[in-house]
Amino acid sequence: MELSGHAPFIVFDDANIEKATDMAIAAKFRNNGQVCISPSKFYIQNSKKKDFVNLFVEKTKKLKIGNGMDADVQLGPMTTKKRLTEIEELVEKTKQEGAKVLLGGKRPSGFNKGFYYEPTIFDDVTDEFTIMKQEPFGPLCPMLSFETFDEVIKRANNHELGLASYICTNSMEQAHRASEQIETGTVAVNTPLVAIAEAPFGGIKQTGYGREGGSMAIKDYLNVKYTHLGIKG
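If you're matching positions, the sequence shown starts at 138 in our numbering and goes up one per residue.
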């Protein structure tokens, strides 16, 4: 059983920023953020934050909003009017709490019909903001910075949900350390793909239990029987 997530996207200072931003866009804006494994909070190491955020904003500006069935469209609508309203309310709440809107923050012009909302990027966000606790389930991207490895792992783990996480680094040692210490059921390192049919998929903490995908998923549908045979007497 899988009950949502709040995925951290962590960029270490040795990461390739060009590739990291491409990875972030591919992971975040699939189905316009309406995916349980969509990155919900972006932690960028201090020395790379400015470059990452600027490039992420520039690339996001180029994404086309429209009918999701059109081949050249990258961003479709919210699934329901209720979802659109909740996104609008969360954006206003984030602004009230002190965030700076770098991009978006409103419905796109020219889309009077349908439940469309612009991809929205926030800066000046802290871990105490509502958006850092509540799954946005939409195209909202809070940007935060961090100093050290231990700090970001602690902050990323400070949530009741634990479904997916994303790591950008050129150090395999750092990738393995992060994968071991971060409290999520799945981890994607230098790739936006965090789930494939052949591998077990699922979360920990309040996200749920059990796995789908791979041979482990089959075992969840089986009943284990124990038979104790006494010695023939």
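Glycine is no exception: its CB is placed at the ideal position from the N, C-alpha and C atoms.
Cutoff 7 Å; reference residue 221; Cβ partners in own chain excluding five residues on either side
Looking up residue 221 in the sequence shown gives position 84. Only 215, 252 and 254 meet the Cβ criterion.
Can you list, in chain order, the residues of its chain with a C-beta nearer than 6 Å to that of residue 335? Leave out the 5 residues immediately preceding and following it.
By 1-based counting over the sequence shown, the position of residue 335 is 198. 351, listed in sequence order.
Sub-8 Å separation of residue 182 and residue 149 beta-carbons
Within the sequence shown, residue 182 is the residue found at index 45, counting from 1. Within the sequence shown, residue 149 is the residue found at index 12, counting from 1. Contact: yes.
Nearest neighbour of residue 353, chosen from 345, 339 and 365 [CA to CA]
Counting from 1 along the sequence shown, the entry for residue 353 is found at position 216. Measuring from the Cα of residue 353, the nearest candidate turns out to be 339.
Considering only residues of the stretch 202-274, which uninterrupted alpha helix (DSSP H) runs meet the minimum length of 4 residues and lie entirely inside it, listed in chain order?
You should have 218-233.
Can you tell which of 241, 305, 366 and 140 has its C-alpha closest to the C-alpha of residue 194?
Here residue 194 is taken as the residue at index 57 of the sequence shown, counted from 1. Here the closest residue by C-alpha is 241.
Distance check for residue 168 and residue 258, CA to CA, integer angstroms please.
Locating residue 258 in the sequence shown gives position 121, counting from the first residue. Locating residue 168 in the sequence shown gives position 31, counting from the first residue. Cα to Cα, residue 258 sits roughly 17 Å from residue 168.
Whose C-alpha, out of 197, 278 and 186, is nearest the C-alpha of residue 224?
Taking the first residue of the sequence shown as 1, we reach residue 224 at position 87. Checking every option, the nearest Cα to that of residue 224 belongs to 278.
If you scan the stretch 280-358 from start to end, which runs of the beta strand (DSSP E) of 3 or more residues do you find wholly inside it?
Counting only runs of 3 or more, we get 301-305 and 323-326.
Where residue 171 falls, given that 16 or more other Cβ within 10 Å makes a residue buried:
As a working note, residue 171 is residue 34 in the sequence shown. Residue 171 comes out buried.
Cβ neighbour criterion (16 or more within 10 Å) applied to residue 299:
Position 162 of the sequence shown, counting from 1, holds the residue named residue 299. Label assigned to residue 299: buried.
Less than 8 Å separating the beta-carbons of residue 297 and residue 230?
Residue 297 sits at position 160 when you count from the first residue of the sequence shown. Residue 230 sits at position 93 when you count from the first residue of the sequence shown. By the CB criterion at 8 Å, residue 297 and residue 230 fall outside the cutoff.
Taking the beta carbon of residue 313 as the centre, do at least 16 other beta carbons fall within 10 Å, making it buried, or is it exposed?
Residue 313 sits at position 176 when you count from the first residue of the sequence shown. So residue 313 ends up on the exposed side.
What do you get for residue 361, buried or exposed, if any count of 16 or more other CB atoms within 10 angstroms of its CB means buried?
Counting from one through the sequence shown, the residue named residue 361 turns up at place 224. Around the beta-carbon of residue 361, fewer than 16 other beta-carbon atoms lie within 10 Å, marking it exposed.
Would you mind sorting residue 161 into buried or exposed? The rule is 16 or more other CB atoms within 10 Å of its CB.
In the sequence shown, the residue the question calls residue 161 occupies position 24. Result: buried.
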